[in-house]
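Data first, discussion second: the structure below is written as structure tokens.
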Amino acid sequence: MALDQATKISGYSLFEDNKLITYGVLLADEKEKNPIERMKQMNDEIISLIDKYQPDFIVFENVQFQRNYGTFQQLSQLQGIVMAYLFKLDVGFQIIEPSAWKSFCGIKGKKRDEQKKNTQAFVKMMYKVSVSEDEADAIGIGFWAINNITPSKS
Numbered sequence: 041m042a043l044d045q046a047t048k049i050s051g052y053s054l055f056e057d058n059k060l061i062t063y064g065v066l067l068a069d070e071k072e073k074n075p076i077e078r079m080k081q082m083n084d085e086i087i088s089l090i091d092k093y094q095p096d097f098i099v100f101e102n103v104q105f106q107r108n109y110g111t112f113q114q115l116s117q118l119q120g121i122v123m124a125y126l127f128k129l130d131v132g133f134q135i136i137e138p139s140a141w142k143s144f145c146g147i148k149g150k151k152r153d154e155q156k157k158n159t160q161a162f163v164k165m166m167y168k169v170s171v172s173e174d175e176a177d178a179i180g181i182g183f184w185a186i187n188n189i190t191p192s193k194s
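Its first residue numbered 41, the sequence shown is counted upward by one per residue in the working numbering.
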């Protein structure tokens, strides 16, 4: 499973035997102004997703600073909450730098919007599906994962 987690909209993708099985977005109440409540809502959504699919391994994008310390802090806190849940479940995970998966997928662009559009085009070319920006990022992260992480044999 791959996650592009955020406090308002999180993208996810699920791969099995290197095939894209499903993808989508998780939503927090867009009217909710309290960031702690949005974080709780997103945490609950992510936990429900993990419980539903019971993935063997999860890859998610590392938090990056984008002009707003408050947002950076909230995203870091959400990432910590997700990590704590994975520790509790004993589910392995890896955090990938945005630049690493984008480089692997050949995503170009200096500006964020350009990179988002190019990621959507990459997903359309590779998987023949039209997806939202958040879904595209999660699928790109998943594509990196299935090509760079060797599953352990238990």
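Here a beta-carbon is modelled for each residue, glycine too, at the ideal position from N, C-alpha and C.
Collapsing the DSSP output to three states places residue 190 in coil. Taking a C-beta distance under 9 Å as the contact criterion, residue 153 and residue 44 do not qualify as a contact pair. The segment 70 to 83 and the segment 108 to 128 touch, with no fewer than 3 CB-CB distances between them shorter than 8 Å. Its Cα nearest to that of residue 129, the residue 94 stands out among 146, 94 and 189.
Sixteen is the threshold: when 16 or more other Cβ atoms of the shown chains lie within 10 Å of the Cβ of residue 162, as they do, the residue is buried. Taking the Cα positions, residue 120 is about 27 Å away from residue 61.
Within its own chain, the residues whose Cβ lies closer than 8 Å to the Cβ of residue 99, once the five positions on either side in sequence are excluded, are 41, 42, 43, 133, 134, 135, 136, 181, 182, 184, 185 and 189, listed in chain order. As the crow flies, the alpha-carbon of residue 70 is around 33 Å from that of residue 58. Closest by C-alpha distance to residue 122, out of 164, 173 and 91, is 91. By the CB criterion at 9 Å, residue 88 and residue 65 fall outside the cutoff. Excluding residues up to 5 positions away in sequence, 41, 42, 61, 182, 185 and 186 lie with their Cβ nearer than 8 Å to the Cβ of residue 55 in the same chain. Here DSSP, grouped into helix, strand and coil, assigns residue 151 to coil. For residue 97, the closest alpha carbon among the candidates 174, 125, 148 and 140 is that of 125. Under the DSSP assignment, residue 42 falls in the beta strand (DSSP E) whose first and last residues are 42 to 44.
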